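Comments concern the structure below.
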Amino acid sequence: MKPHKLEDQLKENFSNFEPEVDPSLWTKISSQLPAGPAPTQPVTEPSGVLSSISSAGTWIAGTAAVIISGAAIYLTLNTSTGPETLKVPDSKPAVTKEEQIQPAESNQETSSPVKSENIQVQPSDRKTSESSQSLTPENRSSGSDKPTEEEIRLSQNSTESTVTPSAQDMNPVRAPKPEIPATEKPKVDPSHPANESLVPLKIITNTTGGFAPLTVTAMSNQAGKNSEFDFGDGNVSRNESATHTYRNAGIYTITCSADGRMSEQEIEVLDALPTAFSPNGDGTNDVFEINNSSIKEAEINIYNRYGRKVYSGKGDHLSWNGQYDDGRPAETGTYFYDIFATSSRGGVYKQKGTLTLFR
Amino acid sequence: MSVSNTGGMSEEQLVDGCRKAEPAAQKGLYDRYSRKMFGVCLRYSGNREEAEDLLQEAWVTVFGKISSFKGEGSLEGWIRRIVINTALMHLRQKKIQWVDTDNVPDVIATEMVSLETRDLLLLIQELPEGFRTVFNLYAIEGYSHSEIGNLLGISENTSKSQYSRARAHLMNKVQRLNNAETEK
Chain Z
1 MKPHKLEDQL
11 KENFSNFEPE
21 VDPSLWTKIS
31 SQLPAGPAPT
41 QPVTEPSGVL
51 SSISSAGTWI
61 AGTAAVIISG
71 AAIYLTLNTS
81 TGPETLKVPD
91 SKPAVTKEEQ
101 IQPAESNQET
111 SSPVKSENIQ
121 VQPSDRKTSE
131 SSQSLTPENR
141 SSGSDKPTEE
151 EIRLSQNSTE
161 STVTPSAQDM
171 NPVRAPKPEI
181 PATEKPKVDP
191 SHPANESLVP
201 LKIITNTTGG
211 FAPLTVTAMS
221 NQAGKNSEFD
231 FGDGNVSRNE
241 SATHTYRNAG
251 IYTITCSADG
261 RMSEQEIEVL
271 DALPTAFSPN
281 GDGTNDVFEI
291 NNSSIKEAEI
301 NIYNRYGRKV
311 YSGKGDHLSW
321 NGQYDDGRPA
331 ETGTYFYDIF
341 ATSSRGGVYK
351 QKGTLTLFR
Chain F
360 MSVSNTGGMS
370 EEQLVDGCRK
380 AEPAAQKGLY
390 DRYSRKMFGV
400 CLRYSGNREE
410 AEDLLQEAWV
420 TVFGKISSFK
430 GEGSLEGWIR
440 RIVINTALMH
450 LRQKKIQWVD
460 TDNVPDVIAT
470 EMVSLETRDL
480 LLLIQELPEG
490 FRTVFNLYAI
500 EGYSHSEIGN
510 LLGISENTSK
520 SQYSRARAHL
530 MNKVQRLNNA
540 ETEK
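Going line by line, the protein sequences match chains Z and F. Okay, so the first sequence: first residue is 1 according to the numbering used here, each after it adds one. Okay, so the second sequence: first residue is 360 according to the numbering used here, each after it adds one.
Structure (C-alpha cells):
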C-alpha cells in the first residue's frame, strides 16, 4: 500500500467504507416506525414511464386511485347482486341500473354519495369511460405489469355480459377494497363528467424547459386518439407517450395533432451546465462557471459528497474556484448541485446535477 | 433526475414511498445506505454497539423527517447529515469537557501513513470522544473549524487545538502500530 499523508489516507480509506450491518438492526428500526397510510396506496402507485414526472404525478395518482376504487365498488355491487344485473340491457341508462342495485345493497358504505359516484363510473356510456381513461394515461404505459388495473378498465369498457367473468376474477384481489373510506370518493369523482366528450385536444408535457440535455415527455389529454407529436426539431413520434431529448439550446415548439386538431407547447432549452472542472491553475477549466446569456439570474448551491455545502452563489454569473470557504482546496471527486435559474425569457427552471472536480 | 436504480426503484421513487411510509420503500432506502452510514457511525463511536445504537436512532429520524428532504444536494448527503447530527447530539448530552491540557504528544517524525481501514478505524475509536468528533468532522467530513465550533458549542480555536491534538494522538498510535508491525 502506498503511504499517504494522514488526511489523504483517511479519505481514501473511509470514502467507500461500507461495513456489514447486523441484519437484526432493521427489525429494531422498523418496529419503531409509525404505521403507514392505507395499504391501498402502493397498489395504485403509478410505476410507468411518467412516474418520474412529479408535477403531473400527483393528480394522476389521485385520479387513478379514484377510478380504481370507484371500479372496485362497482364490481363489488355487480358481484353481490349477481345475475340480475346482467338482465339489464346495455342501452338502458346507468341510473336505472344503479337504482335496481341500491335496494339490494344493505351495506352502509354504499349510501347515497357512493351511489351517485357509481353512476358516473357506469360503463354504459362509452364516452365517459373513454375520457376517464384518458385522464390516467400512466395506466396505459404501466398496464402490462399491472394486470389488475387492466382488468378493471376492460370491465369498465366492456358490455354487461363480460363484466361478470372479469368481476369474478377480480373478486379475490379486490376483496379488501370496499374498506376504502367512502368520503373521499364523491369529492373527486364529479370531475369526470366535466372532462367527458368535446374536450379540446391538449398537449401535456412534463416540463416547459430546462438545461440541455433536456428530456421531454409529451402526451395528449386524449390518449385513445392517434396523436402525433412533432418536437419541432425534425423529430416526430406517434407514441401515446412520446419522449425526446433536446441536446442543443433553443426554443422549440412541440405540436400535438390528432383528428385534425392541434395543440402546442413551447419548450425552452438552455445551454448544458458544465459537468467537470479542474482547479489546478493550468488556465483551462479552473473554475466551475455559469455564464450564459440566456440566464437572467441563477442561484446555485454546491455540496460535497458528505452533504456539506461548499459553495453558494446568486447572480447572472456564477463561478466556484474549487475551494472551501476557509481556503482549503476541495477534494477531487463528485459534487452535487442544485440550481434555480430564471431565463431571459422569464422561465424558471430547477435542476439537480453532479459535478466532477479533478486536479 | 436520479439515475441510480437498484431493486427496480429510483431514488425518487424510494423517497416518495418513504414519504408515504411504505415499508418496501423504507427497506429499500435502508438497504441502499445503511452500510455506508454504519461506516460513519463506527467512526463517531467508541465501539460497535454504540455505532449500532447510533445507526438505529439516525434511521428512525431519517424516516421521520423524510418529508422535509427538499432535494438539496444528494440524498446520501442528507442522510449523512442526520447521522452526524445524531452523533453530535449524543456528544452534547454527555457534556464533554473540552480540556485544554498541555499534554500534547511528541512530534511525529514521519507524516506518512499506510494503514488498512480496519486498523485506522480502531485507532480512531480509541481516541477520546472530543478528539474523535473534531477529527472526523474536520479531516473526513471537511467542515471548517468555525463550523465545528458552532456545531459543538466551542470556539474556533478550541476546535483547532483539539484537532491538532487529536491528529498528534492518532499519529503517535499509527507510529506505534507501524513499529510493532516492522518488529514482527
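C-beta: ideal position from N, C-alpha, C; glycine also. The structure presented is a predicted model; accordingly, all values stated were derived computationally and were not measured.
Comparing alpha carbon positions, the residue from F/Ala380, F/Ala384, F/Lys379 closest to F/Leu373 is F/Ala384.
Assigned with DSSP and collapsed to three states, F/Lys386 falls in helix. For Z/Pro34, the residues of chain F that pass the 9 Å Cβ criterion are Ala380, Phe422, Gly423, in the order they occur in the chain. For chain Z, the residues of the region 479 to 490 of chain F that bring a beta carbon within less than 9 Å of one of its beta carbons are Leu479, Leu480, Ile483, in chain order.
Here the alpha carbon of F/Arg402 sits roughly 12 Å from the alpha carbon of Z/Asn13. Each of F/His528, F/Glu411, F/Asn406 was checked against the Cα of Z/Val21, and the nearest Cα belongs to F/Glu411. For Z/Phe17, no beta strand (DSSP E) encloses it, and the DSSP letter there is neither H nor E.
Close to Z/Asp286, with beta-carbon spacing below 7 Å, lies no residue of chain F; the smallest spacing is near 20 Å. The beta carbon of F/Glu431 falls within 8 Å of a beta carbon belonging to chain Z, placing the residue at that interface.
If you look at F/Val493, you'll find it in the alpha helix (DSSP H) that goes 488 to 494. Z/Ser31 counts as exposed, since fewer than 16 other beta carbons sit within 10 angstroms of its beta carbon.
Per DSSP, Z/Gln351 is one residue of the beta strand (DSSP E) stretching across 348 to 357. When secondary structure is reduced to three states using DSSP, Z/Arg328 falls in the coil class, being assigned neither helix nor strand. Per the C-alpha coordinates, the member of F/Leu414, F/Asn444, F/Leu479 positioned closest to Z/Leu6 is F/Leu479. CA-to-CA, the gap between F/Gln484 and F/Leu511 works out to about 19 Å. By the CB criterion at 8 Å, Z/Ile254 and Z/Ile300 fall outside the cutoff. For F/Gly436, the nearest CB of chain Z lies under 8 Å from its own CB, placing it at the interface with that chain.
The residue from Z/Lys225, Z/Thr207, Z/Pro213, Z/Lys352 with its alpha-carbon nearest to that of Z/Pro200 is Z/Lys225. Our two residues, F/Thr492 and Z/Phe229, have alpha carbons roughly 57 Å apart in a direct line. For Z/Ser30, the nearest CB of chain F lies under 8 Å from its own CB, placing it at the interface with that chain. Residue nearest to Z/Lys350 within the set F/Ser514, F/Ile425, F/Ser505, F/Gly432 is F/Gly432 (criterion: CA-CA distance).
DSSP lists Z/Asp230, Z/Glu264 as the bridge partner or partners of Z/Thr255. Residue contact with chain Z for F/Phe397: present (Cβ-Cβ distance below 8 Å to some residue of chain Z). Listed along chain Z are Trp26, Ile29, each with a C-beta nearer than 8 Å to that of F/Tyr389. Straight-line spacing of the CA atoms in Z/Thr217 and Z/Asn16 works out to 36 Å. Closer than 8 Å to the CB of F/Ser427 there is not a single CB belonging to chain Z.
Ranked by how close their Cα comes to the Cα of Z/Asn235, the residues Z/Asn221, Z/Tyr252, Z/Gln222, Z/Ala223 have Z/Tyr252 in first place.
In the structure shown, the three-state DSSP call for F/Gly512 is coil. With 16 or more other Cβ atoms inside 10 Å of its own Cβ, Z/Phe277 counts as buried.
In this structure, the beta-carbon distance from Z/Trp320 to Z/Val287 falls below 8 Å. Excluding the 5 residues flanking it on each side, F/Ile438 has same chain C-beta neighbours closer than 7 Å at Tyr392, Met396, Val421, in chain order.
Residue contact check for F/Lys386 against chain Z: a CB pair falls below 8 Å. For Z/Phe211, there are no C-beta contacts with chain F under 9 Å, since the nearest C-beta of that chain is about 12 Å from it. CA-to-CA, the gap between Z/Asp271 and F/Arg407 works out to about 49 Å. Against chain Z, a Cβ distance below 8 Å from F/Thr476 picks out Asn13, Phe14, Phe17. Following the DSSP letters along the chain, one finds Z/Trp26 in no beta strand (DSSP E) but inside the alpha helix (DSSP H) bounded by residues 24 to 31.
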